[in-house]
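Trainee:
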Amino acid sequence: MTFMNFIGGAPVGASETSENINPSDTGDIVGAFARGGAAEVDAAVEAARSALPGWAASTPQQRHDILRRAADEVLARAAELGRALSREEGKTLAEGVGEATRAGQVLAFFAGECLRVGGEALPSVRPGVEVQIGREPVGVIGLITPWNFPIAIPAWKIAPALAYGNTVVFKPADLVPHSAWALVEILTRAGLPEGVLNLVMGPGRSVGARIAEHPDIDAVSFTGSVGTGRGIARACVESARMKKVQLEMGGKNPLVVLDDADLDLAVETALQGAFFSTGQRCTASSRLIVTEGIHDRFVAALSERMAALKVGHALEDGTEIGPVVDARQLETDEKYLAIGRQEGAVLTGGRRLELAQPGFYLEPALFTEVRNDMTIAREEIFGPVACVIRVRDYDEALSTANDTEFGLSSGICTTSLKHASHFRANAEAGMVMVNLPTAGVDYHVPFGGRKGSSYGAREQGAYAREFYTTVKTSYTLP
Ligand code: NAD
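Each position in the sequence shown, counted from 1, maps to that position plus 1 in my numbering.
#1: Can you give the beta carbon distance from P365 to L310, rounded, assuming they're within the 8 angstroms contact cut?
#2: Only counting runs of 3 or more residues, tell me where the beta strand (DSSP E) segments fall wholly within the segment 187-259, in order along the chain.
#3: If you compare alpha carbons, which of R352, H65 and I295 is closest to A308?
#4: Put C115 into one of helix, strand or coil per three-state DSSP.
#5: Could you round the C-beta distance between W230 and Y456 to whole angstroms and report it? I think they count as a contact, below 8 angstroms.
#6: Classify I290 as helix, strand or coil using the three-state DSSP reduction.
#7: Is any heavy atom in the ligand NAD found nearer than 8 angstroms to the beta carbon of K172?
#8: Within the present structure, is the beta-carbon of R282 separated from the nearest heavy atom of the ligand NAD by less than 8 angstroms?
#9: Work out the CA separation of A430 and A57 for me, nearest whole Å.
#10: Quick check: does the Cβ of A85 come within less than 8 angstroms of any heavy atom belonging to the ligand NAD?
#11: On a CA-only basis, which of E332, P385 and G135 is nearest R466? Give me that one, please.
#12: Looking at the ligand NAD, does it come within less than 8 angstroms of S175, judged from the CB to the closest heavy atom?
#13: Measure the Cβ-Cβ separation of G412 and V433 and say whether it is below 9 angstroms.
#14: If you measure from the CB of P204, is any heavy atom of the ligand NAD nearer than 8 angstroms?
#15: Taking 9 angstroms as the cut-off, decide whether the C-beta atoms of R288 and T405 are in contact.
#16: Is W56 near the ligand NAD, going by C-beta to nearest heavy atom under 8 angstroms?
#17: How many angstroms separate the CA atom of G345 from the CA atom of L303?
#18: Using three-state DSSP, classify R70 as helix, strand or coil.
#19: Closer than 8 angstroms to a non-hydrogen atom of the ligand NAD - does that hold for the CB of V227?
#20: Taking DSSP as the reference, what is the three-state secondary structure of A458?
#21: Expressed to the nearest angstrom, what Euclidean distance is found between the alpha-carbon atoms of I142 and V170?
#22: Looking only at its own chain, which residues have a Cβ that is under 7 angstroms from the Cβ of P385, when we skip the five neighbours before and after it?
#23: For L184, is the beta carbon positioned less than 8 angstroms from some heavy atom of the ligand NAD?
#24: Indicate the three-state DSSP secondary structure (helix, strand or coil) for I382 in the structure shown.
#25: Quick one: is the Cβ of G99 within less than 8 angstroms of any heavy atom of the ligand SAH?
#26: So V46 is in the alpha helix (DSSP H); what residue range does that whole segment cover?
#27: Check each candidate in F361, R379 and V347 and name the one with the smallest Cα separation from T369.
#28: How far does the beta strand (DSSP E) with F368 in it extend, from its first residue to its last?
#29: Quick check: the segment 22-34 against the segment 95-115, are at least 3 beta-carbon pairs closer than 8 angstroms?
If you want it as structure tokens, here you go:
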């Protein structure tokens, strides 16, 4: 079966297709997917533009009911959707099912939000004048998503876009089109009118770039790497409508472990944050900043736990770490392993694994004796690789944690209320975790970072409204 693009309410083929390969077993082809280009984006924008007035005028109840139906279906089919997701992306089955469930929860949350869009009435400084502040849809929104959360990220962009009355042109990552296609198919059957949600699969440099520059798109929400995000922002600002833009990008997230930490908790927190989902999370704990008094015990216990992790086929029972997503990412991971060794860091693990099925398997890797100015401590690797940086005390830990171009998530393991409170107040990050992994967040609260990690309004929860609506202030003299 060939999975088609979806434009103006109908499946649309493309002159080219690409094969979606299972990273746990490269002989397993998930399917052939249409590979669109600029022409498909143009058609999708036209369809979204035509559908906009009707959808923007739909009642909150209509939008709620559609999103709620889609949420119910995603939740009911979470096991099957999660399995398909793990097959194409390589995260473990438990992680895949968890992500599909989260997508359903996000849809349900925004179904409720449809009914909660309100405004304000303020007294004017002029006698008799009424001032009203309301929110309106932004218009046609382009959504560009990465491969590492193939259904949750699309859901947390599509759901608020639709809830607040916008129409959508959606481009998923090239490596994971199946989850995107399944989500669009479910939402369409849930009752979306033609053209409200359009799917164009294909390469970033053609489909993504056309979305960013298109003169008739009003806003773009992007999640992916910093380099791509910067280019998209530039194109958005230079385009005719000067698009509103939201970028969620990379991280080099610190997890501080202080001498007074509960050692077992700190080790489990680091293990989960650094290596689960194969370390392919923007919120992964890639810098473990550890004070002298606990350093050696922490490294010994973490290394022991890492050695016991079962790396394997994402869909097999007992697998704790799935494969790397593809050959290119594996090459990147191995390149950084070589750089770290050249820089003088000491590597444990990080061997390429040959298992029963041919896949992109990499043993979790831990660098010790890392300085924060080394390349491996500064650049996002996006694999199962963590660095341990030894520091004298809390003050040095905090300054090291903040010494990065990124600012997504920042964590600390400590039993000291004083240090926990100080860290929460002074960590330069959008999200701070105390005695919890830097990765793993709730779906109903804002998500996002500072510095090179994020640009524009926050995603998720009620805060998503800032990006997906535009404010109108009206004055009336009755
Ligand atoms: P990427 O930047 O390579 O691609 C992201 C998306 O942009 C894909 O759909 C891709 O096809 C598209 N794209 C590529 N080139 C483009 C171009 N020139 N114009 C327009 N679109 C283009 O990122 P990736 O490798 O898919 O994902 C990994 C990155 O995503 C990591 O840096 C990770 O930290 C980040 N990420 C961030 C968050 C967050 O919320 N902060 C969440 C998940 C992933």
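By construction, the Cβ of each residue, glycine as well, lies at the ideal position given by its N, Cα and C atoms.
Mentor: On the basis of the data shown:
#1: The residue labelled residue 365 in the question sits at position 364 within the sequence shown. The residue labelled residue 310 in the question sits at position 309 within the sequence shown. The pair is a contact, with the Cβ atoms about 6 angstroms apart (cut-off 8 angstroms).
#2: Listed in chain order, the beta strand (DSSP E) runs fully inside the segment 187-259 are 198-200, 220-224, 245-249 and 254-258, counting runs of at least 3 residues.
#3: As a position in the sequence shown, residue 308 is number 307, starting the count at 1. The shortest Cα separation from A308 among R352, H65 and I295 belongs to R352.
#4: Against the sequence shown, residue 115 aligns to sequence position 114. Here C115 sits in helix by DSSP.
#5: Here residue 230 refers to the residue found at position 229 when the sequence shown is read from its first residue. Here residue 456 refers to the residue found at position 455 when the sequence shown is read from its first residue. The amino acid at residue 230 is misidentified as Trp; the sequence shows Gly. Between the beta-carbon of G230 and that of Y456 there is about 7 angstroms, and that keeps the pair under the 8 angstroms contact cut.
#6: Against the sequence shown, residue 290 aligns to sequence position 289. Strand at I290.
#7: Within the sequence shown, numbered from 1, the residue matching residue 172 stands at position 171. Checking the Cβ of K172 against the ligand NAD gives yes.
#8: Position 281 of the sequence shown holds residue 282. For the ligand NAD, at least one heavy atom lies less than 8 angstroms from the Cβ of R282.
#9: Against the sequence shown, residue 57 aligns to sequence position 56. Against the sequence shown, residue 430 aligns to sequence position 429. Spanning the two alpha carbons is a distance of roughly 35 angstroms.
#10: Along the sequence shown, read from residue 1 onward, the residue named residue 85 stands at position 84. No, the beta carbon of A85 sits no closer than 8 angstroms to any heavy atom of the ligand NAD.
#11: Counting from one through the sequence shown, the residue named residue 466 turns up at place 465. Residue G135 is the option with its Cα nearest to R466.
#12: As a first step, residue 175 must be located in the sequence shown, where it is residue number 174. For clarity, residue 175 is Asp in the given sequence; the question names Ser instead. Yes, the Cβ of D175 comes within 8 angstroms of a heavy atom of the ligand NAD.
#13: Position 411 of the sequence shown, counted from the start, is the residue given in the question as residue 412. Position 432 of the sequence shown, counted from the start, is the residue given in the question as residue 433. Yes, these two residues count as a Cβ contact at 9 angstroms.
#14: Working through the sequence shown from its first residue, we reach residue 204 at position 203. Checking every heavy atom of the ligand NAD against the Cβ of P204, one is found closer than 8 angstroms.
#15: Mapped onto the sequence shown, residue 288 falls at position 287. Mapped onto the sequence shown, residue 405 falls at position 404. In this structure, T405 lies closer than 9 angstroms to R288 by Cβ.
#16: In the sequence shown, counting from the first residue as 1, residue 56 sits at position 55. No, since every heavy atom of the ligand NAD falls outside the 8 angstroms radius drawn around the Cβ of W56.
#17: For this step, residue 345 is matched to residue 344 along the sequence shown. For this step, residue 303 is matched to residue 302 along the sequence shown. Their backbone Cα atoms lie some 21 angstroms apart in a straight line.
#18: Locating residue 70 in the sequence shown gives position 69, where the first residue counts as 1. Note: R70 maps to helix in three-state DSSP.
#19: Walking along the sequence shown from the start, residue 227 turns up at place 226. The answer is yes for V227.
#20: Working through the sequence shown from its first residue, we reach residue 458 at position 457. Coil at A458, not helix or strand.
#21: Taking the first residue of the sequence shown as 1, we reach residue 142 at position 141. Taking the first residue of the sequence shown as 1, we reach residue 170 at position 169. Each residue's CA atom was taken as its position, placing I142 and V170 some 6 angstroms apart.
#22: In the sequence shown, residue 385 corresponds to position 384, counting from 1. The residues are F276, T279, G280, I322, L363, P365 and A366.
#23: As a first step, residue 184 is located in the sequence shown; it is residue number 183 there, counting from the start. No - the ligand NAD has no heavy atom lying nearer than 8 angstroms to the Cβ of L184.
#24: The residue given as residue 382 occupies position 381 in the sequence shown. I382 falls in the coil class under three-state DSSP.
#25: The model depicted lacks the ligand SAH and carries the ligand NAD instead.
#26: Stepping through the sequence shown from its first residue, residue 46 is reached at position 45. Note, V46: alpha helix (DSSP H), A39 to A57.
#27: In the sequence shown, residue 369 corresponds to position 368, counting from 1. Taking only the C-alpha atoms, the option nearest T369 is V347.
#28: Locating residue 368 in the sequence shown gives position 367, counting from the first residue. Run containing F368: A366 to T369, per the beta strand (DSSP E) assignment.
#29: Judged by Cβ distances under 8 angstroms, the segment 95-115 makes no contact with the segment 22-34, as fewer than three pairs qualify.
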